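The numbering used here puts the first residue of the sequence shown at 34, with every later residue one more than the last.
Quick reminder that beta carbons are idealized off the backbone N, C-alpha and C, glycines included.
Note that the structure is a prediction, hence the values are computed from the model and not measured.
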Amino acid sequence: TRVAILISGGGSNMVALAQSMTGDHPARPVLVLSNDPAAKGLERAAAMGIATAAVDHRDFKGDRAAFEAALLEPLQRAEPDVVCLAGFMRILTPEFIRRFEGRMLNIHPSLLPNYPGLHTHQRALDAGDTEAGCTVHEVTAELDAGPLLGQARVPVLPGDDAETLAARVLVQEHRLYPAVLRRFVEGERAPLIL
Ligand code: GRF
């Protein structure tokens, strides 16, 4: 199974996914693609021997369709069976998503359906939540709302700020995403609750 991973920044989730696709794992990473040519994750992917590409969304000044058409070039050339969004920070149009419906995954740093969108940790803290976590879901046209594939929880601790909570959740993201991807590739759709 050919897996393409879309990133926007450091790519720590991409590294965790790529490192999990070895040995008897039925999938292999075939492309790491970013909307930012300066994304540190591109260097990390190249160091792991994974093909990389970048399409700078700033070159398309708000013309989302043109940006996505450019993004599709390297992506389709890689002929992925599964596309993983991992720290990918651009909203994709329903037209783009439709091309990968049922085989596009995303990881979101909250216990969906709580806190779709941005600043999830600060919002959980502001709400006085005692638990937080991350969710892997299938990507559909509605933002952060597709079928649930997995969740991992962490405690919110006294004295936490968005940074300390994000760091605790990120550790779980790196456990959850690889585990969910392997199950997904093996045809399992029941949610994995870590
Ligand atoms: C992190 O905030 C993570 O919670 C979210 O995307 C951001 C960057 O992740 N999934 P990564 O290190 O680029 O994978």
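Distance cut-off 7 Å: residue i Cβ against heavy atoms of the ligand GRF
i: Met-47; result: yes
i: Glu-171; result: no
i: Glu-76; result: no
i: Leu-125; result: no
i: Val-32; result: Because residue 32 is not part of the residues shown, which for the chain are 34 to 227, the question remains open.
i: Ala-119; result: yes
i: Glu-196; result: no
i: Gly-179; result: no
i: Ile-40; result: yes
i: Ile-140; result: yes
i: Leu-144; result: no
i: Ala-199; result: yes
i: Leu-209; result: no
Residue nearest to residue i in terms of C-alpha spacing, selected from the options
i: Arg-186; options: Glu-164, His-207, Ala-178; result: Glu-164
i: Ile-124; options: Ala-103, Asp-177, Glu-112, Gly-220; result: Asp-177
i: Pro-70; options: Ala-99, Val-48, Leu-39, Ala-60; result: Leu-39
i: Arg-215; options: Leu-75, Asp-57, Val-65; result: Asp-57
i: Val-213; options: Cys-117, Asn-147, Leu-182; result: Leu-182
i: Leu-166; options: Pro-127, Asn-147, Phe-129; result: The question names Leu, yet the displayed sequence has Gly at residue 166. Of the candidates Pro-127, Asn-147, Phe-129, the one whose C-alpha sits nearest the C-alpha of Gly-166 is Asn-147.
i: Arg-222; options: Gly-44, Gly-135, Gly-42, Ala-103; result: Gly-135
i: Pro-62; options: Ile-130, Lys-94, Ala-49, Val-88; result: Ala-49
i: Arg-77; options: Gly-44, Ile-140, Phe-100; result: Gly-44
i: Val-202; options: Leu-144, Pro-224, Glu-219; result: Leu-144
i: Tyr-210; options: Gly-120, Glu-101, Ala-98, Gly-74; result: Gly-120
i: Thr-126; options: Gln-184, Val-218, Leu-66, Thr-173; result: Thr-173
i: Gln-184; options: Asp-194, His-170, Ala-98, Leu-104; result: His-170
i: Gly-179; options: Ile-130, Asp-193, Val-189; result: Ile-130
i: Gly-150; options: Leu-158, Thr-55, Glu-175; result: Glu-175
i: Glu-112; options: Pro-142, Val-65, Leu-75; result: Val-65
i: Asn-68; options: Gly-161, Ala-99, Pro-59; result: Ala-99
i: Gly-192; options: Phe-133, Val-36, Asp-159; result: Asp-159
Residue i (DSSP reduced to helix, strand or coil)
i: His-152; result: coil
i: Gly-166; result: strand
i: Ser-45; result: helix
i: Ala-249; result: As shown, the chain starts at 34 and ends at 227. That puts residue 249 outside it, with no answer to give.
i: Glu-196; result: helix
i: His-141; result: strand
i: Glu-171; result: strand
i: Ala-160; result: coil
i: Pro-107; result: helix
i: Val-88; result: coil
i: Arg-61; result: strand
i: Ile-130; result: helix
Min CB distance residue i to chain C below 8 Å
i: Glu-101; result: Absent here is chain C; the protein component of the structure consists of one chain.
Where residue i falls, given that 16 or more other Cβ within 10 Å makes a residue buried
i: Glu-206; result: buried
i: Gln-52; result: exposed
i: Thr-168; result: buried
i: Thr-85; result: buried
i: Ala-79; result: exposed
i: Gly-42; result: buried
i: Pro-59; result: exposed
i: Ile-226; result: exposed
Quiz item: Between the stretch 190 to 208 and the stretch 146 to 160, do at least 3 Cβ pairs fall closer than 8 Å?
Solution: yes
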